[in-house]
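Taking it in order: structure first as structure tokens, then the write-up.
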Amino acid sequence: MITPRFECSQTAESVVIKIYCPSVRAADVEIHVDDTLLTIHINPYFLRLNFSHPLLEDDESSAQYDPSSGYMTVTLTKETKGQEFADLDLLAKLLAPRPSKEAPSIEVIGEQYEDEADELVARTNALSLEQEEILIAAENDWQLPQQVPTSDPPITTSITQSYGFLNRYSGYFKHVTHTENEINELGPDPEACLVQERRSRRWKHEDEKWDEEHYMADYADDEYIQELISWVNPRIVSDGPFAFTEEENLTLLNLPRREYLSDAHQTKNLYITLATILFAYAYEARTTQGDSTPESAWTLCSLTPAFSALDPAPYTTTSNWESELAACLYQSYRRSLAFPLFRSFSLAEACRVDVAELFSRGKRAITRCLLEIKRILDHHEVYYVYSKIWVEDFCVWVQASASDDVLKEIGEALRGLRIEKAAIGWDLEVLEAATRDAEDRESDSDDESEEEVEVARQL
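The letter at position 356 of the sequence shown is residue 1641 when you use the numbering used here, and the numbering goes up by one with no holes.
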């Protein structure tokens, strides 16, 4: 079956779905409405949409087909008139499967309750630990329960290790030695590399690529870097009404249909890993001023630990958001100072502000950036693999599962974070001071030379 192009809109009383299905027999259309789920089948097209609120197929509903344009317009009545259906422009969210409603149930046999109050107390006491944590979560808890990660790695008997989005993938790097994958930092055995070993190899590779002279040269001669810092990304500052382009909607339609079941700790790590991906996007956008180059795929992958070393969050054992966000930015800062052409702490700071703004603008702005990353990687003959194991899933997850409230709170936290140069680990402040001293000595030497020339002229 083919998923057709479609778009959704709404009025106070109904939801309107326009479907592009040329050269079909409108008499063969089958439309079924089940609460929030709508299925439309007209050979060879099949469309299943899951809305946020219930719909009705009543006398006011209709389906009209225009053979001249190839569009079928389906109008369905809202069960509650005037109710606002959110996110009708997020196609991946509409196409996602209906969320699972499986929940553990407990049946107590041989115990009666004298009144409703006793029953309510008993049910409250029967709450699982996770449910209780959610109920007592503090107001500033980012709407996610805190969880202290264990220090001991999970025991596994498998030689092949999983990786990628929620560790769903394996087998993509079996023949990595036969491809020109220049950003792979795990050597010939990424499929068998343990999580701890991935991070260790990544840190070692960053230290090996760190070049003091390169950093000092960019610090001393930063005229062009200042131009990059002052550049404004139009995708970040646009104040007009947001609407995905036709090309973006086509890409969204072709994304996989997946439902992601993640616990609170995994969800937090997805948000943090997303920050590192958007940092790489912000750096690439600034250094190319929005006009991607053949090197853009390399830049995006090199600056993202989850790509180059299959090393996503968490990057610290602490359990508060600010520390975890700071730890993820340390990884991004280090990579931006070790690998690409322009290596500037001030440029990294500008990228942090860009990431904060993207999070504050919510899932639509982030989805647009992810689609741009996907476009760049999909056109590369080697690095397209990172689109498959990371970016496509993030495109779907951000639309269907990410919370705009959490995204905005992360944006505020990133905006207020202060990354210390000393924490990077490469004596940046010492190198900058040495560069300034060398410039001062050179300036003094030039002044003395000019004075000597003037005296010689007078003689």
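Every residue gets a Cβ at the ideal spot worked out from N, C-alpha and C, and that includes glycine.
As a quick exercise: from the options, pick the residue whose alpha carbon is nearest that of residue i.
i, options, result
"Leu-1588", "Arg-1649, Arg-1628, Ile-1302, Thr-1321", "Arg-1628"
"Lys-1693", "Asp-1351, Phe-1644, Leu-1322", "Phe-1644"
"Ser-1672", "Leu-1375, Tyr-1457, Gly-1367", "Tyr-1457"
"Thr-1362", "Cys-1613, His-1326, Ser-1299", "Ser-1299"
"Leu-1375", "Asp-1689, Glu-1491, Asn-1554", "Asp-1689"
"Ala-1598", "Leu-1380, Ser-1728, His-1550", "His-1550"
"Glu-1607", "Ser-1617, Leu-1699, Arg-1571", "Leu-1699"
"Ala-1528", "His-1338, Ile-1651, Pro-1590, Ile-1709", "Ile-1651"
"Trp-1616", "Ala-1591, Ser-1631, Tyr-1330", "The sequence given here has Gln at residue 1616, not Trp. Closest option to Gln-1616, Cα to Cα, is Ala-1591."
"Gly-1449", "Leu-1380, Asn-1554, Glu-1491, Ala-1623", "Asn-1554"
"Gly-1367", "Tyr-1504, Tyr-1566, Glu-1677, His-1338", "His-1338"
"Leu-1538", "Ala-1377, Ala-1297, Thr-1296, Ser-1728", "Ala-1377"
"Asn-1452", "Phe-1331, Cys-1586, Gln-1349, Leu-1595", "Leu-1595"
"Val-1638", "Gly-1696, Val-1461, Arg-1726", "Gly-1696"
"Asn-1534", "Glu-1508, Pro-1579, Glu-1657, Tyr-1566", "Glu-1657"
"Trp-1711", "Met-1501, Leu-1563, Asp-1722", "Met-1501"
"Thr-1561", "Ile-1674, Ala-1611, Thr-1602, Leu-1380", "Ala-1611"
"Tyr-1330", "Asp-1320, Val-1314, Thr-1321", "Val-1314"
"Cys-1306", "Ser-1353, Leu-1341, Glu-1470", "Ser-1353"
"Val-1670", "Trp-1682, Asn-1469, Tyr-1600", "Asn-1469"
"His-1246", "Phe-1630, Gly-1701, Cys-1654", "As displayed, the chain neither begins before 1286 nor continues past 1744, which places residue 1246 out of reach and without an answer."
According to DSSP, residue i sits in a beta bridge with which residue or residues?
i, result
"Cys-1293", "Ile-1302"
"Met-1357", "Ile-1304, Tyr-1350"
"Glu-1340", "The identity of residue 1340 in the sequence shown is Leu, whereas the question assumes Glu. For Leu-1340, which the question treats as bridged, DSSP gives the partners Lys-1363."
"Tyr-1454", "Tyr-1448"
"Ile-1287", "Tyr-1330"
If you run the structure through DSSP and keep just helix, strand and coil, what is residue i?
i, result
"Phe-1331", "strand"
"Thr-1435", "Interpretation of Thr-1435 is limited by its pLDDT of 45, a score under 50 that renders its predicted location unreliable; the figure taken from the coordinates is listed afterwards. DSSP places Thr-1435 in coil when its eight states are reduced to three."
"Thr-1362", "strand"
"Glu-1315", "strand"
"Thr-1324", "strand"
"Ser-1347", "strand"
"Ile-1562", "helix"
"Phe-1630", "helix"
"Gln-1551", "helix"
"Trp-1495", "coil"
"Ile-1394", "Confidence in Ile-1394 is poor, its pLDDT being 40 and thus under 50, which makes the residue's placement too unreliable to answer from."
"His-1460", "coil"
"Arg-1542", "coil"
"Leu-1589", "Sequence check: residue 1589 is Thr here, not Leu. Three-state DSSP puts Thr-1589 in coil, outside helix and strand."
"Leu-1429", "With a pLDDT of only 44 at Leu-1429, under 50, the local geometry of the prediction cannot be trusted, and the value read off the model is given with reservation. Of the three classes helix, strand and coil, the one that applies to Leu-1429 here is coil, per DSSP."
"Arg-1310", "coil"
"Gln-1616", "helix"
"Ala-1594", "coil"
"Ala-1377", "helix"
"Ala-1623", "helix"
"Leu-1610", "helix"
"Ala-1371", "coil"
"Glu-1465", "coil"
"Thr-1601", "coil"
"Glu-1580", "coil"
"Leu-1479", "coil"
Which word fits residue i, buried or exposed, when buried means at least 16 other C-beta atoms lie within 10 angstroms of its C-beta?
i, result
"Glu-1749", "Residue 1749 falls outside the range modelled here, since the chain spans only 1286 to 1744, and no answer is possible."
"Lys-1459", "exposed"
"Asp-1437", "Summary for Asp-1437: the model assigns pLDDT 49, below 50, so the residue's position carries little reliability; its value from the coordinates is reported in the next sentence. It counts as exposed."
"Arg-1646", "buried"
"Ser-1581", "buried"
"Thr-1558", "buried"
"Asp-1548", "exposed"
"Thr-1552", "buried"
"Gly-1472", "exposed"
"Pro-1526", "exposed"
"Pro-1625", "buried"
"Lys-1489", "exposed"
"Asn-1605", "exposed"
"Thr-1365", "exposed"
"Ile-1444", "exposed"
"Pro-1475", "buried"
"Thr-1572", "buried"
"Ile-1287", "exposed"
"Ala-1623", "buried"
"Leu-1546", "exposed"
**Asked** Taking only runs of the beta strand (DSSP E) that begin and end inside the stretch 1634-1668, which ones reach a length of at least 3 residues, in chain order?
**Response** none
**Message:** If we require 4 or more residues per run, which alpha helix (DSSP H) segments fall completely within the stretch 1673-1733?
**Reply:** 1677-1685, 1689-1701
**Prompt:** Mind pulling the alpha helix (DSSP H) runs of 4 or more residues that sit fully within the stretch 1495-1532?
**Reply:** 1497-1505, 1508-1515, 1519-1522
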